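In the UniProt record's numbering, the protein residues as written are 1 to 528.
Ideal Cβ positions, reconstructed from N, Cα and C, are used throughout, including at glycine.
Here the structure is a predicted model, which is why all the values come from computation and not from measurement.
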């Protein structure tokens, strides 16, 4: 029991006897006064003989002593009993309070999923000295696991790896869970033995893990900071270990890195870029360019692919491959994607109002958008808002996205297809999917990656793989679009194998909206 608790009980004990003593004294005073007053009067009226009166007075005196002794015993006993009951009750309440404080402390300092000490415990407990190192551990591609198999599955995966780490801890190590798939090991191993120890920890991640009948092959990354080389406070060491971890993951993961000051710059640049992305969305720094797709059967414009461009007020023009991935990681791709979809639908709706030909518009969709809440609803809302018929919208998804997240996104795309929206598989040929595998997917258009087109030889006597892909895809009822067409020899080859549409610099680069409108009016390029 704490000193404060003892003082409270002591003060209570001081107050209780005073009240009890006062109560006893008052009762004794009243009883004594009544006895003297009434017993003397009664004795005087009953006994007239002086000798008898003296004897009776003596008996009366002794009787008074005996009776008051009994009364005092009873009063003191009852008061003491009440005081003990009250003291016991107070003690029990105080112990309950102490137990509640310990339970609350346990809850506050423990991770509820794994039972491990958490970040609060780390901040409270860790004492730094010359052999203290912080190891920040993280599962590679854990976000993908959560997105595809669900957070409940991810939680069980975290529990499994937490058990592995606990079972392999050294006496000189303490394990903490920060949240998600992040752990911190506070190690007091000598610095020269640390690399070997980290390699042992990495091997724990590589062992197959079976969760809900799923056999998972995971890898991990570890970032390391050491006191006092990489920081003199826990906050500095944690920050630098995280920076080292991020550097490891940027290198492909499944490895380790000790903190280096040079690592901090990319992390700061990333934070700055996210800030600029958000600013760009809020201040209309993005625009869409539209690249035409030409129908080889009738030499007319089949549609346009909408491609996002960013002209930052601070950095100037930034290519999409330098900000799309970051937009996905920061989830800014969701508002960005909605803006792209709405803008593209408005553009093509305007074309329909002014032109006899009614081309479609293709919009690239990220897996982050697809798995996001209300994606289907937002697409349909934008179609209603812009007045565009669903049959003139095509959503493009990449081959890698469909293969890696098939179970998660296929149902959503199927429902959108049922509304009349076209679904295109972009960059076909970069991954490892087969056409028979793609039959399970709601694909209406197959876009052959430009890496296939650029290798079409001048001599067409030998039938290359591209021709087979075109024939098989058309046999499955898909429209085929060839990307990256830049030469007439490629055009002739694609016509020979009856490719439906082509897209590339041979006809036009991506154009701003106003120029694209004028290009439609001027387009009359003959197809050889």
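Near the ligand PLP: residue i beta-carbon under 7 Å from a heavy atom
{"i": "residue 418", "result": "No copy of the ligand PLP occurs in the structure displayed, which carries no ligand at all."}
Length of the line joining the Cα atoms of residue i and residue j
{"i": "residue 377", "j": "residue 422", "result": "16 Å"}
{"i": "residue 545", "j": "residue 76", "result": "A question about residue 545 goes unanswered here, because the residues of the chain that appear run from 1 up to 528."}
{"i": "residue 63", "j": "residue 71", "result": "12 Å"}
{"i": "residue 334", "j": "residue 180", "result": "22 Å"}
{"i": "residue 153", "j": "residue 217", "result": "14 Å"}
{"i": "residue 188", "j": "residue 344", "result": "58 Å"}
{"i": "residue 363", "j": "residue 307", "result": "8 Å"}
{"i": "residue 466", "j": "residue 320", "result": "27 Å"}
{"i": "residue 513", "j": "residue 503", "result": "17 Å"}
{"i": "residue 410", "j": "residue 441", "result": "6 Å"}
{"i": "residue 356", "j": "residue 294", "result": "16 Å"}
{"i": "residue 59", "j": "residue 68", "result": "14 Å"}
{"i": "residue 317", "j": "residue 309", "result": "8 Å"}
{"i": "residue 462", "j": "residue 495", "result": "Any reading at residue 462 needs caution, since the residue's pLDDT is 43, under 50, leaving its predicted position unreliable; the model's value is listed next. If you take the alpha carbons of residue 462 and residue 495, they lie about 16 Å apart."}
{"i": "residue 255", "j": "residue 249", "result": "8 Å"}
{"i": "residue 12", "j": "residue 30", "result": "The pLDDT assigned to residue 12 is 47, lower than 50, so where the model puts this residue is not dependable, and the model offers no usable value."}
{"i": "residue 289", "j": "residue 330", "result": "24 Å"}
{"i": "residue 338", "j": "residue 233", "result": "44 Å"}
{"i": "residue 194", "j": "residue 278", "result": "40 Å"}
{"i": "residue 257", "j": "residue 247", "result": "7 Å"}
{"i": "residue 73", "j": "residue 98", "result": "37 Å"}
{"i": "residue 521", "j": "residue 374", "result": "38 Å"}
{"i": "residue 332", "j": "residue 151", "result": "21 Å"}
{"i": "residue 311", "j": "residue 510", "result": "15 Å"}
{"i": "residue 84", "j": "residue 93", "result": "14 Å"}
{"i": "residue 383", "j": "residue 285", "result": "24 Å"}
{"i": "residue 491", "j": "residue 354", "result": "30 Å"}
{"i": "residue 299", "j": "residue 468", "result": "23 Å"}
Neighbourhood of residue i by C-beta distance below 8 Å, restricted to the same chain and skipping five residues each side
{"i": "residue 508", "result": "291, 292, 519"}
{"i": "residue 165", "result": "137, 175, 183, 185, 201, 204"}
{"i": "residue 273", "result": "323, 326"}
{"i": "residue 156", "result": "211, 212"}
{"i": "residue 173", "result": "185, 186, 187, 188, 189"}
Sequence-distant residues of its chain with Cβ nearer than 7 Å to residue i (five each side left out)
{"i": "residue 108", "result": "120"}
{"i": "residue 340", "result": "288, 306, 308, 363"}
{"i": "residue 516", "result": "290, 304"}
{"i": "residue 386", "result": "342, 345, 346, 349"}
{"i": "residue 267", "result": "243, 246"}
Assumed close pair residue i, residue j - CB separation to whole angstroms, cut-off 8 Å
{"i": "residue 252", "j": "residue 139", "result": "Not a contact, Cβ separation roughly 14 Å."}
{"i": "residue 198", "j": "residue 229", "result": "Contact doesn't hold; Cβ gap of about 16 Å is too wide."}
{"i": "residue 131", "j": "residue 190", "result": "6 Å"}
{"i": "residue 388", "j": "residue 348", "result": "7 Å"}
{"i": "residue 489", "j": "residue 456", "result": "7 Å"}
{"i": "residue 225", "j": "residue 244", "result": "6 Å"}
{"i": "residue 361", "j": "residue 393", "result": "6 Å"}
{"i": "residue 227", "j": "residue 128", "result": "5 Å"}
{"i": "residue 118", "j": "residue 110", "result": "6 Å"}
Short Cβ contact (8 Å threshold) for residue i with residue j
{"i": "residue 418", "j": "residue 359", "result": "no"}
{"i": "residue 281", "j": "residue 238", "result": "no"}
{"i": "residue 175", "j": "residue 169", "result": "yes"}
{"i": "residue 365", "j": "residue 395", "result": "yes"}
{"i": "residue 500", "j": "residue 481", "result": "yes"}
{"i": "residue 214", "j": "residue 149", "result": "yes"}
{"i": "residue 147", "j": "residue 470", "result": "no"}
{"i": "residue 314", "j": "residue 276", "result": "yes"}
{"i": "residue 397", "j": "residue 416", "result": "no"}
{"i": "residue 479", "j": "residue 498", "result": "no"}
{"i": "residue 259", "j": "residue 283", "result": "no"}
{"i": "residue 23", "j": "residue 86", "result": "no"}
Cutoff 6 Å; reference residue i; Cβ partners in own chain excluding five residues on either side
{"i": "residue 163", "result": "none"}
{"i": "residue 506", "result": "485, 486"}
{"i": "residue 450", "result": "483, 484"}
{"i": "residue 142", "result": "181"}
{"i": "residue 420", "result": "390, 391"}
{"i": "residue 145", "result": "154"}
According to DSSP, residues forming a beta bridge with residue i
{"i": "residue 209", "result": "216"}
{"i": "residue 183", "result": "137, 177"}
{"i": "residue 492", "result": "Its beta-bridge partners do not exist; DSSP assigns none."}
{"i": "residue 277", "result": "Looking at the DSSP assignment, residue 277 forms no beta bridge with any residue, so it has no partner."}
{"i": "residue 483", "result": "503"}
{"i": "residue 143", "result": "Its beta-bridge partners do not exist; DSSP assigns none."}
{"i": "residue 258", "result": "224"}
{"i": "residue 291", "result": "305"}
{"i": "residue 310", "result": "286, 318"}
{"i": "residue 426", "result": "398"}
Minimum Cβ-Cβ distance from residue i to chain B less than 8 Å
{"i": "residue 157", "result": "Checking the listed chains, one finds no chain B in this structure; it contains a single protein chain."}
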